[in-house]
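Read through the structure below, which is laid out as structure tokens, and then see the notes.
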Amino acid sequence: MSKSPPRDLGRFGADTRLVLAGRDPGAQHGFVNTPIYRGSTVLYPTYDDIKHRRGRYNYGTSGTPTMDALSEAWTEIAGAAGTVLTPSGLSALTIALMAVVSAGDHLLVTDSAYRPTRIFCDGVLKRYDVEVEYYDPLAGAGIAALMRENTKAVLVEAPGSQTFEMQDVPAIADAMHARGGAVIMDNTWATPLLFPPHERGVDIAVEAGTKYLSGGSDLLIGLVSATERWYPAIKRTYEHFAPCAGPEDIFLGLRGLRTMGLRLREHGQRGLAMAEWLQGRPEVARVLHPALPDDPGHAIWKRDFLGASGLFGVILNPVSEDGLAAMLDGLELFGMGFSWGGFESLVIPFDPTLYRTATRWKPEGPALRFHIGLEDMEDLKADLEAAFSRMAAVA
Ligand SMILES: *Cc1c(COP(=O)(O)O)cnc(C)c1O
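With our numbering as the guide, the letters of the sequence shown map in order to residues 10 to 404.
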């Protein structure tokens, strides 16, 4: 028989906790990892046992040892009271919102929110008579002026999707808590390793584990962690919808968890080095990265965050669409596609002027979002140098 790991993980550093959390070799014949439990039916030995639903597990939707391993590990890493797992980051956001708002409530949503979050708010929450109002991500403590009698929650995301504005989350949380409502955060960019959400005033934190928990572009999963006050509502809503993450994806999530700290440090260093390099290029008007000292959100990032991940934005100087196409089409190493957080470098064009409503966002030229993967930096720079040359040849 193998030993079980130490129980109280709170005394260890973050990397040690990533290695230990959510597994117990002593309970699984010495094998290091929690196995994949698949299943719907859970059998009871006697009439009395089924009558009283005795036992830890009673049906596949309400939990398996594999689900518990990841949700318990995430609860530990996020510093939460509990976590539910869902089959995607977007479904995690919808569970968080549905758990908190009801018909007649007012919901404040940052104008920089992940676009599918907006589509859900406008397409579903409005239909159920929730008043959705978008606000300036830079509102900070001034958000109190937008709060009403019926303001039930505020959704924050920092840095913002695509535009990378930082938000003063503790100040927004103070304003919301003064009215008894909930702060919901999409914390996908930082993960709890770089922004411990519940220590900073967030009640309900959502993570698209599809990104850095996976690290491999090979799974879809969402995680919703919450404080003591809000976890029961999250758990109840989860039980109503039963959005169960797949057992293989959970297993891959657990595998990703072990190396997440290491990968994030690497993505963060590479991302910042590439952001600095791009800042020096004549084709670039502006780089959107909160760890750059001249970024407008730098002071907040430095105060509240423990590091940066590998995702940032670049605004190019004005260039023809043909020039942009020539730049992107010949890339050898950077792939073009949605999602991010994997080992491979990515770039996509984006245009937030299409959907923002509370604030105007006026880029000087075309906007690109980069994710810096684990390739050699010199190879990545050479790929971009060639791309800029193709752009110049057309423009
Ligand atoms: C990708 C992403 C999501 C959604 O995650 P999926 O697993 O793709 O549904 C949510 N929020 C942010 C900020 C994201 O980047």
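Glycine is no exception: its CB is placed at the ideal position from the N, C-alpha and C atoms.
In this text the structure is predicted, and so the values were computed from the model without any measurement.
Are the CB atoms of Pro-14 and Tyr-46 nearer to each other than 8 Å?
no
Just checking my contact of Ile-193 with Val-215 at CB under 8 Å: how many whole Å lie between their CB atoms?
7 Å
Between the CA atoms of Ala-217 and Phe-352 - distance to the nearest angstrom
16 Å
Can you give me the Cβ contacts of Met-345 inside the same chain, cut-off strictly under 8 Å, excluding the 5 residues immediately before and after it?
Leu-337, Leu-355, Val-356 and Ile-357
Short Cβ contact (8 Å threshold) for Ala-335 with Val-293
no
Per DSSP, cross-strand counterpart(s) of Ser-234
Thr-92 and Ala-214
Keeping to the same chain, check which residues put their C-beta closer than 7 Å to that of Ser-170; ignore five residues upstream and five downstream.
Ser-121, Ala-122, Tyr-123 and Arg-124
Cβ of Leu-99 versus every heavy atom of ligand 1: is any distance shorter than 7 Å?
yes
Since Met-283 and Phe-379 are thought to touch, with beta carbons under 8 Å apart, how far apart are those beta carbons, to the nearest angstrom?
7 Å
With Asp-195 as the anchor, note down where its beta strand (DSSP E) starts and where it stops.
191–195
May I ask whether a heavy atom of ligand 1 can be found less than 7 Å away from the beta carbon of Gly-231?
yes
Below 8 Å on the Cβ atoms is my contact criterion, and I expect Ile-213 with Ile-181 to pass it. Report the Cβ-Cβ distance as a whole number of Å.
Contact flag wrong, Cβ pair sits at about 14 Å.
In whole angstroms, give me the CA-to-CA distance for Phe-350 and Ala-191.
Phe is not the amino acid found at residue 350; the sequence shown has Gly there. C-alpha separation (whole angstroms): 28 Å.
Flag this pair as yes or no: are the beta carbons of Tyr-143 and Thr-362 separated by less than 8 Å?
no
With respect to 7 Å, is the separation between the Cβ of Thr-268 and the closest non-hydrogen atom of ligand 1 below this value?
no
Counting beta carbon pairs with one atom in the region 266–276 and one in the region 19–31, are three or more of them shorter than 8 Å?
yes
Tell me, please, which residues DSSP counts as bridged to Thr-50.
Tyr-68
Please classify Val-41 as buried or exposed, where buried requires at least 16 neighbouring CB atoms within 10 angstroms.
exposed
Apart from the five residues just before and just after Gly-316, which ones in its own chain have a Cβ nearer than 6 Å to its Cβ?
Leu-203 and Gly-277
For the beta strand (DSSP E) containing Ala-376, name the first residue and the last one.
376–380
Does DSSP put Lys-311 in a helix, in a strand, or in coil?
helix
One question on the structure: do Pro-375 and Leu-342 come within less than 8 Å of each other, judged by their Cβ atoms?
no
For ligand 1, is there a heavy atom less than 7 Å away from the beta-carbon of Asp-258?
no
Taking 7 Å as the line, does the beta carbon of Glu-158 fall inside it for any heavy atom of ligand 1?
no
With a CB to CB cut of under 6 Å and the five nearest residues on each side skipped, what residues in its chain are close to Ala-108?
Ala-242, Ile-243 and Thr-246
Give the straight-line distance between the Cα atoms of Ala-150 and Leu-117, rounded to the nearest whole angstrom.
14 Å
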